[in-house]
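One structure below.
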Amino acid sequence: MRNLLKDYLKKLQILICEDNITINLRSFLRDFTKVVELIKTVNDTLSSTTFAMVAFWTTGIFYNLSKILYRNPFTDILSFVSSSCNTINYTIQFLIFVVLSSEIPKSVAEMKSVILQVSESLFFDEQKSSSISLLALKLENFKELVTVTGLGLFKLEKSVILICLGSGISYELLILQLMERNK
Numbered sequence: 001m002r003n004l005l006k007d008y009l010k011k012l013q014i015l016i017c018e019d020n021i022t023i024n025l026r027s028f029l030r031d032f033t034k035v036v037e038l039i040k041t042v043n044d045t046l047s048s049t050t051f052a053m054v055a056f057w058t059t060g061i062f063y064n065l066s067k068i069l070y071r072n073p074f075t076d077i078l079s080f081v082s083s084s085c086n087t088i089n090y091t092i093q094f095l096i097f098v099v100l101s102s103e104i105p106k107s108v109a110e111m112k113s114v115i116l117q118v119s120e121s122l123f124f125d126e127q128k129s130s131s132i133s134l135l136a137l138k139l140e141n142f143k144e145l146v147t148v149t150g151l152g153l154f155k156l157e158k159s160v161i162l163i164c165l166g167s168g169i170s171y172e173l174l175i176l177q178l179m180e181r182n183k
């Protein structure tokens with residue numbers, strides 16, 4: 001999906017330089033609206049899977065970190081190495097998924113940036129100006145539509161990484177306090 005949006009970004013950059021921009025912007029908007037609807041349908045279809053994957057990865061990370069911190073379940077070095085590898089594996093998968101998912105709305109934001117950087121002379125022509133303004137408004141709306149979500153509960157943006165990190169640290173501190181109290 002990200003590559004599809006990058007292709008449309010390149011088309012838009014070429015289109016802005018052409019003379020008959022109004023006709024081309026209408027055509028671009030019509031085609032791009034179909035692409036956004038396709039991406040939204042895919043996001044809606046995969047929303048429950050996204051939620052399940054994020055829940056699985058974060059649970060796996062917390063579980064394995066807890067095992068590493070608690071140390072009692074390890075009967076041999078292989079168990080410790082296995083838990084460490086699982087923690088690293090889940091963390092890397094989660095980070096890649098979130099970073100790639102956050103690139104999708106970023107591509108639409110870049111398109112809006114391209115539109116807003118057009119020559120000032122285009123804004124003096126009323127027809128061209130209205131087409132450019134309409135496209136800029138539509139792109140702002142499209143940015144929300146293409147954002148990957150987990151059942152609508154959260155958006156997969158880079159801020160999710162910090163939220164999960166904060167939750168993980170809080171969770172692990174709670175576990176450590178409980179372990180200290182039980183000693």
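Per the UniProt record's numbering: the sequence shown ends with 183, consecutive numbering throughout.
Glycine included, each C-beta is placed from N, C-alpha and C at the ideal position.
All values derive from a computational prediction rather than experimental measurement.
With at least 16 other beta carbons inside 10 angstroms of its own, residue 150 counts as buried. Taking a cut-off of 8 Å for Cβ pairs, the stretch 34-54 and the stretch 135-150 touch, as three or more such pairs fall below it.
Of the other Cβ atoms in all chains shown, fewer than 16 fall within 10 Å of the Cβ of residue 81; this residue is therefore exposed. Secondary structure note for residue 6: its alpha helix (DSSP H) is the uninterrupted segment 2-16. The stretch 2-13 and the stretch 79-95 do not touch, with fewer than three beta-carbon pairs separated by less than 8 Å. Short of 6 Å from the beta carbon of residue 86, and not among the five residues preceding or following it, lie these beta carbons of its own chain, in chain order: 64. In this structure the stretch 157-171 does not lie against the stretch 5-12, because fewer than three pairs of beta carbons, one per stretch, are closer than 8 Å. Comparing alpha carbon positions, the residue from 140, 104 and 89 closest to residue 58 is 89. Contact check for residue 30 and residue 131: beta-carbon distance about 12 Å, past the 8 Å limit, so the pair fails to qualify.
DSSP places residue 177 inside the alpha helix (DSSP H), whose first and last residues are 159-182. Taking the CA atoms as reference points, residue 173 sits about 22 Å from residue 95. Judged by their CB atoms, residue 153 and residue 108 are not nearer to each other than the 8 Å cut-off. When the five nearest sequence neighbours on each side are left out, the beta carbons in the same chain lying within less than 7 Å of the beta carbon of residue 70 are those of 179, in order along the chain.
Judged by DSSP secondary structure, residue 91 falls within the alpha helix (DSSP H) whose first and last residues are 77-116. When secondary structure is reduced to three states using DSSP, residue 147 falls in the coil class, being assigned neither helix nor strand.
Taking C-beta atoms under 8 Å as the contact rule, residue 68 and residue 91 fail to qualify, at a distance of about 12 Å.
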